[in-house]
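Engineer: Numbering (UniProt numbering), first residue to last: 1 to 743. Note that beta-carbon positions come from the ideal geometry of N, C-alpha and C, so glycine has one too. These figures come from a predicted structure and were not determined experimentally. For reference, the structure I am asking about is given below.
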Amino acid sequence: MGSVGKLTKFCSHLQECSLPLPESLEEIKKKKCCVEECECEVLWLCLKTGCNSYFCGKKTNDHANAHYQSHNDHSIQMAVNTKKVWCEICSIIVLTQQQYHEMVKDNSQLQAYVISEKAISFMRLFELTDYDESDFINGRGKTGLNNLGNSCYMNAAIQALSNCPPLTRYFLNRFPYYEDEFDDPDRLLLNDLTPVAGTYNDLLNILWSEDRRYSTSPHHLLGLVSRRFPQFAGYGQQDSQEFIRCFLDILHNELRRPVYKWERDYDEKMMLIHKEKDVGTPSTDLSTTNTDATDSGLSSESEECSEGNNSSIGSFTKDKIIKKLPITEEMKNNFDYNLKNVKYSKSIISEIFDGKLRSTVKCTTCNYLSHTTETFQDLSLSIPTPEHLKKVKQILEDGEGCESVVTSTPKNNNNLYNYLLSYILWSGRAFIYPFYTNTIGAMYNYFFSGTVDLEDCLESFFCPEHLNGDDMYSCEKCSKLRVGVKTCKLKCLPEILCIHLKRFRHDQHGYNFKVNTKVTFPICKLDVKKYIDKKMLPKNASTQYDLVSMISHQGGSLDWGHYVAYCRNDMDGCWYEYNDSNVIKRDQLYILNVEAYVLFYQKRDVNRNMETIRSRTIQIINTLREKFSRKKNNFLMTDVKYISREWIYKFNLFSNPGNINNYNFLCPHGLILPPMINSISNVAVPIPSRLYQYLSSQFGGGPSTGILSECKICTEIHQSFIKQCIELSDISGQKKSSISSQL
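Here it is, written out as structure tokens:
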């Protein structure tokens with residue numbers, strides 16, 4: 001491929017084009033028109049750099065002209081038989097056959113096809129950097145955090161999150177923060193706030209620097225979080241788990257991108273397709289309400305059905321998986337960038353931490369089923385009492401399922417506690433907090449002491465619940481309050497499963513105490529398969545998790561005590577205790593005896609499918625790299641496809657990256673999404689088509705594209721939307737000024 005920069009005297013449009021080698025044209029002649037279902041011979045080749053499309057001519061379907069009409073900047077085309085180059089805009093022949101051959105000859109020593117060379121270099125994104133010996137010696141990830149005055153709750157949370165590999169590597173590997181890419185009115189109204197994500201990125205770079213520090217101060221990060229959530233301002237003790245939720249919420253809002261209707265439809269279609277595949281199950285947000293999980297939910301969607309009515313999914317071929325989503329005329333004319341069309345957003349936070357629960361309520365009178373789905377970022381599990389645990393195990397052993405259910409949950413099973421409290425209050429004696437908490441809490445823990453397993457907590461959480469009395473179910477079919485049975489199952493598993501043990505309980509008088517019951521937990525192979533809705537579980541999906549970090553609370557109450565993090569270092573595989581500024585190495589036996597409060601589990605690749613695919617990917621990369629280095633002017637014109645950088649990241653670090661989804665930079669017409677035009681190189685990565693085809697065969701999805709052009713339809717609509725956002729921001733600013741003037 002020769003450079004055409006010096007041929008601008010013929011036509012200025014040649015500056016953005018690349019010329020193929022003669023042997024490349026011979027290969028193209030053997031092909032059919034690249035338009036789907038067109039079997040006509042190829043007469044024209046688009047020379048726009050990165051396009052590589054070939055079409056039939058006027059005597060057949062004239063797809064060459066149709067291509068130019070839809071992509072006006074693709075005006076330079078070559079007649080593959082005569083080797084003449086024509087410009088549609090200038091309406092002239094800009095290169096004759098002789099000039100073409102001279103150009104190729106003159107540039108035979110130059111580098112081939114710039115975009116293809118980029119594609120070769122971008123393949124390094126698929127190769128994870130191996131740690132060298134200095135990383136272990138210098139102690140990356142072993143820097144402590146200074147206590148700023150009862151800030152141990154934040155220090156423990158930051159260290160625990162810092163040792164969740166998918167999240168930390170996302171920030172450390174060229175942190176892709178696009179502050180101004182998506183025109184969200186909510187963001188425009190908050191543009192006076194300093195981004196927390198950027199500050200967190202700076203802190204992580206210090207914690208994981210080669211030049212290890214003993215400790216560092218997170219005061220800047222705490223100050224920014226406190227501006228969003230004032231409860232963390234000051235020097236009072238706070239709940240570490242609450243900080244995690246608030247902090248992840250901030251990161252999600254700053255890093256989110258809108259998911260428009262066409263992408264939601266695409267995700268849903270891919271989800272149906274991949275239920276029958278071994279890998280490639282997409283991870284998308286939807287949203288349920290469980291008695292113990294209500295606090296974890298973000299949003300919910302409901303569906304009602306009668307028992308036995310199952311929808312038919314149908315069958316899909318592999319070809320349909322890897323082709324573009326069909327664009328109907330209705331979709332072309334009616335899609336909108338308005339926020340009314342955006343039901344939810346995606347971010348690296350939601351991709352890593354979001355899971356889905358599906359609860360089903362069955363009316364015991366008419367057997368009517370009501371389903372609700374909820375997105376969660378953590379599972380809040382009550383620690384069951386011996387009485388409650390006995391009932392749960394009896395149900396599971398008897399196999400009676402939904403017909404014999406637990407009629408009370410641990411949160412209501414505090415009869416002894418209430419009795420003790422009533423006795424003390426009846427005696428008329430006054431107790432001063434925390435003596436009150438210590439007395440009642442100690443007595444409660446004395447009677448309800450012992451050891452339970454994390455699996456016991458999960459069994460209690462997912463055990464069927466009897467809805468009667470004040471909790472009776474409002475059946476839509478009966479139009480009356482009925483006794484119901486509620487069951488809850490996991491619908492989609494997160495990459496990082498966060499489990500919160502409810503160690504703090506509150507009474508009606510506003511006091512709280514801590515449940516010190518020892519909860520044993522596995523470090524490896526926590527299997528949640530039996531808690532998953534089997535209808536939603538993809539074939540051979542991974543259901544096992546390994547512990548990567550956890551937080552422990554030392555003390556007797558939520559209002560006083562100390563938080564410590566225990567984390568597995570991803571570089572040396574050893575466990576460390578992060579006690580504010582002190583970092584101490586611990587063995588696994590020590591970790592197993594820690595009183596857990598919040599646990600972070602990472603999904604593991606049980607069947608080693610991803611390990612095999614990654615290995616094969618590296619083989620393809622090495623082969624292509626060697627081939628490219630041997631012959632600079634190799635035929636690479638049709639070798640380029642664009643793929644989402646976001647998906648490559650998940651491919652490298654997730655147990656399952658899901659189907660390829662390029663709609664984070666493509667509009668419904670398969671062209672550049674307007675907000676991404678100025679930063680397309682940050683989100684769309686060119687790779688050789690051979691590599692793309694292999695990945696498509698393994699994961700499906702798409703749409704595949706070798707063209708990155710502006711979409712006139714989307715741009716016009718998007719500009720109108722931006723104008724509305726600016727007007728909304730101006731109105732808000734005027735309101736703020738008006739309020740300020742009145743103060």
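#1: Sorted by chain position, which residues of the same chain lie with C-beta nearer than 7 Å to HIS63's C-beta, five sequence neighbours on each side aside?
#2: Nearest-angstrom Cα distance between LEU695 and SER644?
#3: Hey, how far is the Cα of THR617 from the Cα of PHE126?
#4: Run through DSSP, which three-state label would GLY355 get?
#5: Assuming residue 750 and ASN582 form a contact by the criterion Cβ under 8 Å, report the distance between their Cβ atoms to the nearest whole angstrom.
#6: Go through the region 570–630 residue by residue and report every complete run of the alpha helix (DSSP H) that reaches 4 residues or more, in order.
#7: For CYS366, tell me which candidate among LYS477, THR360, SER460, ARG264 has the shortest Cα-Cα distance.
#8: Could you give the DSSP three-state label for ARG264: helix, strand or coil?
#9: Roughly how many angstroms separate the alpha carbons of TYR153 and ASN147, rounded to a whole number?
#10: On the three-state DSSP scale, how would you describe PHE521?
#11: Just to confirm my understanding: we take ILE250, look at its own chain, exclude 5 residues before and 5 after, and list those with CB closer than 7 Å. What are they?
#12: So, helix, strand or coil for GLU710, using DSSP?
#13: Say whether the region 157–173 touches the region 257–272, bearing in mind that this needs 3 or more beta-carbon pairs closer than 8 Å, one atom from each stretch.
#14: Look at the alpha carbon of CYS51 and the alpha carbon of ASN661, and state the distance between them as a whole number of angstroms.
#15: May I have a chain-ordered list of the beta strand (DSSP E) segments no shorter than 3 residues that lie completely inside the UniProt domain "UBP-type" (9–117)?
#16: Would you give the residue range spanned by the beta strand (DSSP E) that TRP560 belongs to?
#17: Using the three-state DSSP reduction, which class does LEU454 fall into: helix, strand or coil?
#18: Can you tell me whether MET550 is helix, strand or coil according to DSSP?
#19: The beta strand (DSSP E) with LEU490 in it runs from where to where?
#20: When the Cα atoms are used, what is the spatial distance from LYS269 to GLU41?
#21: By DSSP's criteria, VAL685 is part of a beta bridge. Which residues make up the other side?
#22: Taking 8 Å as the limit between beta carbons, can you name the residues of its chain near SER209, skipping five residues before and five after?
#23: Pair every Cβ in the region 481–492 with every Cβ in the region 544–561, then say whether three or more of these pairs are closer than 8 Å.
#24: Could you check which residue in ILE206, PRO165, GLN619, ASP533 has the C-alpha nearest to that of ARG358?
#25: Hey, how far is the Cα of SER91 from the Cα of LYS58?
#26: Mind pulling the beta strand (DSSP E) runs of 3 or more residues that sit fully within the region 202–261?
#27: Can at least three beta-carbon pairs, one atom from the region 88–102 and one from the region 692–712, be found at a separation below 8 Å?
#28: So TYR601 packs on TYR545, CB below 8 Å; how close in whole Å?
#29: Do PRO494 and GLY355 have their C-beta atoms within less than 8 Å of each other?
#30: Inspect the beta-carbon positions of PHE353 and CYS574 and report whether they are closer than 8 Å.
#31: What are the boundary residues of the alpha helix (DSSP H) that includes PHE171?
#32: Thinking VAL548 and CYS567 are a contact (beta carbons under 8 Å), I'd like their distance in whole angstroms, please.
#33: Distance check for GLY236 and GLY223, CA to CA, integer angstroms please.
#34: With which residues is ILE496 paired in a DSSP beta bridge?
#35: Rounded to a whole number of angstroms, what is the C-alpha to C-alpha distance between ILE726 and GLN719?
#36: Check PHE654 in the structure and name its three-state DSSP category.
Structural biologist: This is what the structure gives:
#1: The residue labelled residue 63 in the question sits at position 63 within the sequence shown. Only CYS33, VAL35, CYS38, PHE55, CYS56 meet the Cβ criterion.
#2: Working through the sequence shown from its first residue, we reach residue 695 at position 695. Working through the sequence shown from its first residue, we reach residue 644 at position 644. Rounded to the nearest angstrom, the gap between the Cα atoms of LEU695 and SER644 is 12 Å.
#3: Here the question's residue 617 lines up with position 617 in the sequence shown. Here the question's residue 126 lines up with position 126 in the sequence shown. Computed Cα separation, rounded: 8 Å.
#4: Position 355 of the sequence shown, counted from the first residue, corresponds to residue 355. Reduced to three states, the DSSP call for GLY355 is strand.
#5: Residue numbering for the chain in the displayed model covers 1 to 743; residue 750 lies beyond these limits and cannot be assessed.
#6: Within the region 570–630, the complete alpha helix (DSSP H) segments at least 4 residues long are 588–592, 609–630, listed from N- to C-terminus.
#7: Taking the sequence shown and counting its residues from 1, one reaches residue 366 at position 366. Restricting attention to LYS477, THR360, SER460, ARG264, the CA atom closest to the CA of CYS366 is found in LYS477.
#8: Translated into positions along the sequence shown, residue 264 becomes position 264. DSSP places ARG264 in helix when its eight states are reduced to three.
#9: Locating residue 153 in the sequence shown gives position 153, counting from the first residue. Locating residue 147 in the sequence shown gives position 147, counting from the first residue. Rounded to the nearest angstrom, the two C-alpha atoms are 9 Å apart.
#10: Within the sequence shown, residue 521 is the residue found at index 521, counting from 1. Three-state result, PHE521: coil.
#11: Walking along the sequence shown from the start, residue 250 turns up at place 250. Within the same chain, and ignoring the five residues on either side of ILE250 in sequence, the residues whose Cβ sits closer than 7 Å to its Cβ are VAL196, VAL225, ARG228.
#12: By one-based count along the sequence shown, residue 710 stands at place 710. Reduced to three states, the DSSP call for GLU710 is strand.
#13: Too few Cβ pairs lie closer than 8 Å, so no.
#14: Mapped onto the sequence shown, residue 51 falls at position 51. Mapped onto the sequence shown, residue 661 falls at position 661. Answer to the nearest angstrom: the Cα atoms are 20 Å apart.
#15: Restricting attention to beta strand (DSSP E) runs no shorter than 3 residues, the UniProt domain "UBP-type" (9–117) encloses them at 44–46, 76–79, 85–87, 92–95, ordered along the chain.
#16: Indexing the sequence shown from 1 puts residue 560 at position 560. Going by DSSP, TRP560 is part of the beta strand (DSSP E) stretching over 560–568.
#17: Sequence index remark: in the sequence shown, residue 454 carries index 454 (1-based). In the structure shown, LEU454 sits in a helix (DSSP, three-state: H, G or I).
#18: Residue mapping note: residue 550 aligns to position 550 of the sequence shown, counting from 1. Note: MET550 maps to strand in three-state DSSP.
#19: As a first step, residue 490 is located in the sequence shown; it is residue number 490 there, counting from the start. Judged by DSSP secondary structure, LEU490 falls within the beta strand (DSSP E) whose first and last residues are 484–492.
#20: Here the question's residue 269 lines up with position 269 in the sequence shown. Here the question's residue 41 lines up with position 41 in the sequence shown. One Cα belongs to LYS269, the other to GLU41, and the distance between them is close to 33 Å.
#21: For the purposes of this step, residue 685 is identified with residue 685 of the sequence shown, where counting begins at 1. Listed as beta-bridge partners of VAL685 by DSSP are ILE643.
#22: Along the sequence shown, one-based indexing puts residue 209 at 209. These residues qualify, in order along the chain: ARG140, THR143.
#23: No: fewer than three Cβ pairs fall under 8 Å.
#24: Here residue 358 is taken as the residue at index 358 of the sequence shown, counted from 1. Comparing Cα positions, the closest option is ASP533.
#25: Counting from 1 along the sequence shown, the entry for residue 91 is found at position 91. Counting from 1 along the sequence shown, the entry for residue 58 is found at position 58. Taken atom to atom, the span from the alpha-carbon of SER91 to that of LYS58 is near 16 Å.
#26: For the region 202–261, the full-length beta strand (DSSP E) segments reaching 3 residues or more read 257–259 along the chain.
#27: The region 88–102 makes no contact with the region 692–712: fewer than 3 CB pairs, one atom from each, lie closer than 8 Å.
#28: Counting from one through the sequence shown, the residue named residue 601 turns up at place 601. Counting from one through the sequence shown, the residue named residue 545 turns up at place 545. Indeed they touch by this definition, with Cβ atoms about 4 Å apart.
#29: What you label residue 494 is simply residue 494 of the sequence shown in a count that begins at 1. What you label residue 355 is simply residue 355 of the sequence shown in a count that begins at 1. Yes, these two residues count as a Cβ contact at 8 Å.
#30: Taking the first residue of the sequence shown as 1, we reach residue 353 at position 353. Taking the first residue of the sequence shown as 1, we reach residue 574 at position 574. Annotated as distal: PHE353 and CYS574, with beta-carbon spacing of 8 Å or more.
#31: Within the sequence shown, numbered from 1, the residue matching residue 171 stands at position 171. Annotation for PHE171: the continuous alpha helix (DSSP H) segment containing it runs 165–172.
#32: The residue given as residue 548 occupies position 548 in the sequence shown. The residue given as residue 567 occupies position 567 in the sequence shown. That pair is a contact at about 7 Å.
#33: As a position in the sequence shown, residue 223 is number 223, starting the count at 1. As a position in the sequence shown, residue 236 is number 236, starting the count at 1. About 14 Å.
#34: Counting from one through the sequence shown, the residue named residue 496 turns up at place 496. ILE496 is bridged to GLN602.
#35: As a first step, residue 726 is located in the sequence shown; it is residue number 726 there, counting from the start. As a first step, residue 719 is located in the sequence shown; it is residue number 719 there, counting from the start. Cα to Cα, ILE726 sits roughly 11 Å from GLN719.
#36: Taking the sequence shown and counting its residues from 1, one reaches residue 654 at position 654. PHE654: coil per DSSP, three-state reduction.
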